[in-house]
Amino acid sequence: MKKFILSLALSILMLIVGVKYSNAQVAGDNLDYFNAQRQPVQTTVEVIDFTDKTDYELAEYLSKIDRDTVPSEVLEQYAAVVENNRKIAPEYVAMMEIQAKLRGVDVVQLFAEASYVDVEVSEYGKIKIKQALKGCTSMAFNNGIVGQNNDMGIDFLEGAPTVMIRTKNSLFIPTDGAHFQGMGEHVGIVLNTIIDLESGTTLGKDNIVSTDAVFAMAVQCKSADEFLEKIKGFGTPSPINFTIADDQGNHYAVRLFEDRMEVANHDDRGSYSANHTQATKDAILKKFDIYTANSYTSNTFAREEAARSFLKYSPELTVGAMQHVFSVRPINISKDAPESTFVTVQTMIFDVANGVAYITPDNPRFVEYTKIELNTNTNSK
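When the letters of the sequence shown are read in order and numbered with mature numbering (1 follows the signal peptide of the UniProt record, and there is no 0), they come out as residues -24 to -1, 1 to 357.
Written out as structure tokens, the structure is:
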């Protein structure tokens, strides 16, 4: 069955490649990443401070955030998620249960809404690799700096403004009314969706935890090694890579699958990830040359290679250095061309050692970073 899925996926990709060669066009501001120009859609990051507020007030705020709904039949496959989430992030689950009451739904629905989109991307990717290998690039340095280019459809920028939540000991982005990329006093963490043609989902299994609970757990850890220990044995609904760094110099690209955990792309100077496993890359390159394959998978191989090379050759590993690589590494950041509607919509860098986050609400080539302190009310550009 796995060989059939792989063969079907690669066959569809070959058809897509042929169509794209005939339809590709570049005009006006439909420019590739070598010469991208457009006006920023969002220009500011809003910081919402909950350092002196209760969990009820946080839940009340999150309950008002719009989010996609999940088919009712999917909820049954999340049966084990609440108690598993409680094992790794009990305080977060308690807060989400308050939010569920405010919204008048079962808390399972909130956890499903925060993680099911990754399942859809992952499963779709096994059939249409070209659409699925679009996605983020993440890096971690060996000095407590971790970051990510968040890549989405450009219409993402026309939705809610970019918001960062500050609590008494964490910063996080409240995607879908839940806990996503962020940092605590010792650990910073971001993610990539991973396409692995041989892996299934964790839906319906006893070890399922939701992505938001993993984030909430991570930012409360005292080290990246503690994170590895706590997540052992659990699986997110679909394959996910968590890139993580702590204030002691530890860093990992941790990939969770239905039946295992892997640490990938680890170098003494840092860790990195794009949106594919090595097995998926090897399978694609058996069918296509590297240039064709990379061109029609949103540069997923080039993005990973850019991160690897940067760690190998960069004379410095600083916030400024990470800002640089996230501004120039291969990604199509133009506006309107059919092949270019998937763009970098946010960049986030967490300097855990110094307790500072740097966030852009749009592509970092078009807007400045907002600097956000972990433990104060001072924000500045």
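Where is the CB? At the ideal position from N, CA and C, for every residue including glycine.
- If you draw a straight line from the Cα of alanine 297 to the Cα of aspartate 327, it is about 12 Å long.
- Cβ contact annotation for threonine 27 (same chain, cutoff 7 Å, sequence separation greater than five): Arg142, Thr143 and Lys144, in chain order.
- Across the structure, aspartate 243 and leucine 287 are spaced so that their CA atoms are roughly 8 Å apart.
- Take the alpha-carbon of threonine 187 and the one of phenylalanine 264: they are about 33 Å apart.
- Three or more Cβ pairs closer than 8 Å define a contact, and the segment 147 to 166 falls short of that threshold against the segment 274 to 292.
- In the structure shown, glycine 158 adopts extended strand secondary structure according to DSSP, grouped into three states.
- Residue state for leucine 133 is assigned as helix, using DSSP reduced to three classes.
- Asparagine 168: member of the beta strand (DSSP E) spanning 163 to 169, first to last residue.
- CA-CA distance, arginine 341 to serine 303, rounds to 6 Å.
- In the DSSP assignment, glutamate 22 falls within the beta strand (DSSP E) that extends over 22 to 25.
- With respect to the 8 Å criterion, asparagine 118 and threonine 169 are not classified as neighbours on the basis of their beta carbons.
- Within the DSSP bridge table, the entry for glutamate 238 names Arg231 as partners.
- For glutamate 280, the enclosing alpha helix (DSSP H) stretches over residues 276 to 289.
- In this chain, the beta strand (DSSP E) harbouring arginine 142 covers 139 to 142.
- When the beta-carbon positions are compared, threonine 138 and glutamine 124 stay at least 8 Å from each other.
- Rounded to the nearest whole angstrom, the C-alpha separation of glutamine 75 and alanine 269 is 44 Å.
- The secondary-structure analysis by DSSP pairs glutamate 349 across a beta bridge with Val332.
- Boundaries around alanine 116 are those of the beta strand (DSSP E), 113 to 117, since no alpha helix (DSSP H) includes it.
- Annotation for asparagine 217: the continuous beta strand (DSSP E) segment containing it runs 216 to 222.
- Per the DSSP secondary-structure output, glycine 211 pairs in a beta bridge with Ile184.
- Judged by DSSP secondary structure, serine 48 falls within the alpha helix (DSSP H) whose first and last residues are 48 to 51.
- In the structure shown, leucine 179 adopts coil according to DSSP, grouped into three states.
- Assignment of phenylalanine 148 by DSSP, reduced to helix, strand and coil, places it in the strand class.
- For tyrosine 248, the enclosing beta strand (DSSP E) stretches over residues 246 to 249.
- When DSSP reads this structure, valine 319 sits in a beta bridge with Met128.
- The beta carbon of glutamate 89 sits closer than 8 Å to the beta carbons of Arg43, Asp44, Thr45, Val46, Asp152, Gly153 and Ala154 from its chain, once the five residues preceding and following it are set aside; these are given in chain order.
- Between isoleucine 171 and the set Ala259, Tyr54, Leu34 and Val295, the nearest pair of CA atoms involves Ala259.
- By the C-beta density criterion, lysine 257 is buried, having at least 16 other C-beta atoms within 10 angstroms.
- By the criterion of at least three beta-carbon pairs nearer than 8 Å, the segment 194 to 203 is in contact with the segment 214 to 226.
- For glutamate 67, the enclosing alpha helix (DSSP H) starts and ends at 66 to 79.
- For the pair serine 214 and aspartate 25, the CB atoms are not nearer than the 8 Å cut-off.
- Excluding sequence positions up to five before and after isoleucine 41, its CB lies within less than 8 Å of the CB of Ala136, Pro150, Asp152 and Gly153, all in the same chain and listed in chain order.
- Assigned with DSSP and collapsed to three states, isoleucine 266 falls in helix.
- With a cut-off of 8 Å on Cβ pairs, the segment 14 to 21 is in contact with the segment 321 to 337, counting three or more such pairs.
- In the DSSP assignment, glutamine 85 falls within the unbroken alpha helix (DSSP H) covering 83 to 89.
- For asparagine 351 and histidine 162, the gap between their C-alpha atoms comes out near 12 Å.
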